[in-house]
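Read the structure below first, then the notes.
Take a look at the structure:
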């Protein structure tokens, strides 16, 4: 986790449903100086792909299960 006040907080997203995609995701897109998602876990392919594309998350940082993302 990055705690430098001049850099955005880096985070992972677990669940790219309504709250993850539209609430937290939109906040990060509108405030890139405050929040940046670096990985995500989402079992539904279309949601996972959409969130990853919007937030420039590489395929190797996009997981199907929250268990997998926490294992890393």
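Residue numbers (our numbering): 254 to 325.
By construction, the Cβ of each residue, glycine as well, lies at the ideal position given by its N, Cα and C atoms.
The model shown is predicted, which means the values in this text are computed figures rather than measured ones.
Of all the options the options, which has the alpha carbon lying nearest to the alpha carbon of residue i?
{"i": "residue 287", "options": "295, 294 and 278", "result": "278"}
{"i": "residue 324", "options": "259, 292 and 298", "result": "292"}
{"i": "residue 285", "options": "304, 308, 312 and 319", "result": "308"}
{"i": "residue 259", "options": "267, 321, 313 and 289", "result": "289"}
{"i": "residue 261", "options": "271, 281 and 313", "result": "281"}
Taking the C-alpha atoms as reference points, what is the distance between residue i and residue j?
{"i": "residue 310", "j": "residue 263", "result": "12 angstroms"}
{"i": "residue 274", "j": "residue 298", "result": "13 angstroms"}
Could you have a look at residue i and say whether DSSP puts it in helix, strand or coil?
{"i": "residue 289", "result": "strand"}
{"i": "residue 315", "result": "strand"}
{"i": "residue 265", "result": "strand"}
Determine the contact status of residue i and residue j, defining contact as a CB-CB distance below 7 angstroms.
{"i": "residue 306", "j": "residue 269", "result": "no"}
{"i": "residue 318", "j": "residue 301", "result": "no"}
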